[in-house]
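First up is the structure itself, then whatever we jot down about it.
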């Protein structure tokens, strides 16, 4: 990069337009930028930086660029900086104008113009400049890409600030790391450290969560195991927690299994004791049963003996009944025959009463013959009955056809009427669809206009509010500017008055015999006297302090005014010049029109749905009409066939009915007649048969009574027992026999007789012993079940804990790996012997390069005495990596850079700055820097060292490089001929070039 020309207008202390010809200054290779303090030497460098990056270095960049304007400039002069340079083989011109508050062209007041930037490139072929861009962002990105360095790097590499590098030499590792980090952009390594730390925290949190879950399982196991398990005294995340929990779980499971074994043994013993007690109880119960059985049998034998007479009478009664039982069938047969004869006679009488008088004297055979003749006539009517049923079906079908014809005529009339209005209906619905579609399109167009209108209205309201704030801020700025000007004038007046009376102030300290501080004379014949209104130093200082306070207030008011004006300009650019009320009316009208359009567009979907339903209805109506016409044609053919069949059926039925109202009536008459005749014939035959059966039954009964030993059939009937009495008598006899047999059997049992000889059984004592054994068994079983459940639950919880540890193992391995990496990059790991962070490690490598590059020039400046070396040693309790020492060749010892003297510190920091410039240049891609500036520090050097430093700087001119030295050291003005002088004046500073 080589600078050619710099043009400044109303910038910093320069009230007018000033130019710097760097080509003329660079011809000598080494040039001096000098001037009194406060003249504006640094402002020249600020202008170069502002032209390239749009900002000035460090704390001098305030506000929105409003503070860059010169207070000495005329109101109509706009602040502008233009820089012509060559970079990467391209000759460019950059022109920048910061925001400017200028007087309005019409009317009073001021208006704010936005910042502007131009970038042009010289076309050597065409011999003219061509415009490249006017975008702040594009120009900034282009310049940064061409230079390959940021503003901070540029200010450290091209504008070498010696004071900063002197502090860099004496700084600790942290301060050096901050500067090197800004220059070499090692933020990505710091981001790696941060990312690893975050991953470590996240992994640690997940491990802690897993350990917490594991401890929860351990607590549940402890609750289940009781005192058989002791939890480890470890917190989640601590090493060895998983192994300790699994070990404690294993101990708990082993103890639980031992307890289960003991419980099994106790249960077996309790079962044996309970079995013995149950067996003893069963023996006592059996003895008590046998003793009771024997006593009960003795009592039953006594009761049988008491009822022996009644038993003999029952036996005799049963014998007579047994003999009469032989006559019972004949008795039953005679009674049945008599009952049958009475029933048959009654049925015959009833049947003959229903017959006509013509059949009153007919016998059974005559009645049967008459029934057959009536049945034959009834069979001949079956065909007529089928014809009658068919006739009814034909009439019903004929009625259905008539009803269908009337229904189809209604359908046809309704369909024809609806279809006649179809075109009108469809046109109306389509018209509504078109209107709604147009409204929807209009709503979409209005929706696009709503947000810009709202933003413009909001910007207009903000513009009005900021306009009021601007007027107020302008009045405050003008008032504070006037107060600052008055305070400055007052201060300068007092200073001038003090200078005019300075002789009297010096004379006040004269003493006879003491030399004068001005002329050195020891005699003071006529010392100056203070006149009335003399201004002393304290009054001047108070005036200066008042001016500084007023000027600070003026700067603050102007900064506030600039902020408000910039906001006003942005709002005005958004809202335009349209009044707020008009914008509000337009926005309201737009919103109302949008609402109306949306409301009208909402009818689009219902209209589409109405059209779809209408078209479906039309299709249905057309189909109904077509089906009705098809059914009408089919009915015509069917009606003709039914009419022909109806005539044929009616002719057949007339012949079959005879004098009856219908075939069915005639058939009913015949059916009733057949039934009556048949019933009467059957009843007559049955009466004749039952009379013969009764006569035969009387003869058999007399013969049976005689053979059974009874004198008459009536005696045999009296000896008979009915079923209930016979069963009751037989039951009493059987019970007596069974009771006697049972008593004899019990009294004959050997074990029962033996039990009766023993003492009475103690059943209560045996039951108490058995209950005690059963309770002990239940207790042992419950204890065994608890032990088994405990073993099962501990196995389940242990399996879950083992699975959790297995699942947590990869996460714990990841945590260990990430934690080791995070500790290593953070410098806290034991493996990191020097406790260097990753960013510090990278910066240490850069610092080592810088020290090597700086040593080349430092040895020349110090006549080979000093060498800069990088040190990894730790300082105090801090971390290592960014140490910087100087090796003294005279003593052969290495010492800290803070021990250098003022002059040594200067040329060491100068060498460090030049070395850093070389390293940063290489880091930026090897962009050649043909113009460098070095700021201050030369006053601390003796003549010999100054010559050596200038020789080093002069060597930088190799390969057409120029170096500008910024200093007010008088000796440099004699040694360096090419000079750029900044001249300070009350109307602003000016620039003057010489020696070129």
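Numbering (the numbering used here), first residue to last: 54 to 1049. We put the CB at the ideal spot given by N, CA and C, even for glycine. Since the structure is predicted, the reported quantities are computational estimates derived from the model, not experimental observations.
Looking at the structure shown, is residue 257 part of a helix, part of a strand, or coil, going by DSSP?
It is helical.
What does the Cβ neighbour count give for residue 544, buried or exposed, with the cut at 16 atoms within 10 Å?
Counting C-beta atoms within 10 angstroms of its own C-beta, residue 544 has 16 or more neighbours from the protein chains shown and is therefore classed as buried.
Inspect the beta-carbon positions of residue 597 and residue 551 and report whether they are closer than 9 Å.
no
Going by the DSSP bridge assignment, what does residue 1034 pair with across the sheet?
87, 1045
If contact is defined by three or more beta carbon pairs under 8 Å, each pair taking one atom from either stretch, is the region 150-168 in contact with the region 503-517?
Taking a contact to require three or more Cβ pairs closer than 8 Å, the region 503-517 and the region 150-168 do not qualify as touching.
If I'm right that residue 529 touches residue 636 with Cβ under 8 Å, what's the distance once you round it to whole angstroms?
That belief does not hold up - the Cβ atoms of residue 529 and residue 636 are roughly 29 Å apart, past 8 Å.
Is the region 364-371 close to the region 728-740, with three or more CB pairs under 8 Å?
no
So, with DSSP's three-state summary, where would you put residue 1017?
In the three-state reduction of the DSSP assignment, residue 1017 falls in the strand class.
Thinking C-alpha only, which one of 354, 298, 168 is nearest residue 795?
354
CB-CB under 8 Å to residue 357, same chain, minus the five flanking residues each way: which ones, in chain order?
789, 792, 793, 796
If you draw a straight line from the alpha carbon of residue 931 to that of residue 917, how long is it in whole angstroms?
The predicted position of residue 931 is uncertain, since its pLDDT is 49 and thus under 50; no value can be drawn from it.
Just mark residue 146 as buried or exposed, buried being the case when its beta carbon has 16 or more other beta carbons within 10 Å.
buried
Local conformation of residue 166 per DSSP, three classes:
strand
Terminal residues of the beta strand (DSSP E) in which residue 923 lies:
919-924
Let me make sure I understand the geometry here. Which of 674, 157, 492, 68 has the alpha-carbon closest to that of residue 466?
Looking at the Cα atoms, 674 is the closest of the given residues.
Just how far apart, CA to CA, sit residue 644 and residue 160?
37 Å
Taking all protein chains shown into account, decide if residue 840 is buried (16 or more other Cβ within 10 angstroms of its Cβ) or exposed.
buried
Determine the direct distance from the alpha carbon of residue 653 to that of residue 661, and round the result to whole angstroms.
14 Å
Span separating the alpha-carbon of residue 1032 from that of residue 177
30 Å
Proximity winner among 350, 670, 891, 299, relative to residue 474 (alpha-carbon distances):
Checked all of 350, 670, 891, 299; the closest Cα to residue 474 is 670.
Could you name the residues of the same chain whose beta carbon sits closer than 7 Å to that of residue 816, not counting the 5 residues immediately before and after it, in chain order?
337, 338, 341
With a cut-off of 8 Å, do at least 3 Cβ pairs link the region 394-402 to the region 736-745?
Output reads yes: the region 736-745 touches the region 394-402.
When you compare the CB of residue 620 with every CB in chain B, is at least one pair closer than 9 Å?
No chain B is present in this structure, which holds just one protein chain.
Is it true that the CB of residue 63 sits closer than 9 Å to the CB of residue 104?
no
If you draw a straight line from the C-alpha of residue 987 to the C-alpha of residue 968, how long is it?
13 Å
Would the region 161-168 and the region 91-106 be scored as touching if the rule is three or more Cβ pairs under 8 Å?
no
Excluding sequence positions up to five away, which residues of its chain have a Cβ less than 6 Å from the Cβ of residue 763?
769
Compare the beta carbon distance of residue 1044 and residue 72 with 9 Å and say whether it is the shorter of the two.
yes
Check the C-beta distance from residue 77 over to residue 1046 and give it rounded, since I have them as a contact under 8 Å.
7 Å
Between 950, 882, 659, which has its C-alpha nearest residue 911's C-alpha?
950
Integer-rounded CB distance, given that residue 464 should sit under 8 Å from residue 667
With 8 Å as the limit, residue 667 and residue 464 do not qualify as a contact, their Cβ atoms being about 19 Å apart.
Determine the burial state of residue 87: buried for a count of at least 16 other Cβ atoms within 10 Å of its Cβ, exposed for fewer.
Flag for residue 87 reads buried.
What separation, rounded to the nearest whole angstrom, lies between the Cα atoms of residue 58 and residue 1041?
C-alpha of residue 58 to C-alpha of residue 1041: approximately 21 Å in a straight line.
Using 8 Å as the Cβ pair cut-off and three pairs as the minimum, do the region 493-513 and the region 128-146 touch?
no
So, helix, strand or coil for residue 180, using DSSP?
coil
With DSSP as the reference, please indicate the residues paired to residue 486 in a beta bridge.
DSSP lists no partner for residue 486.
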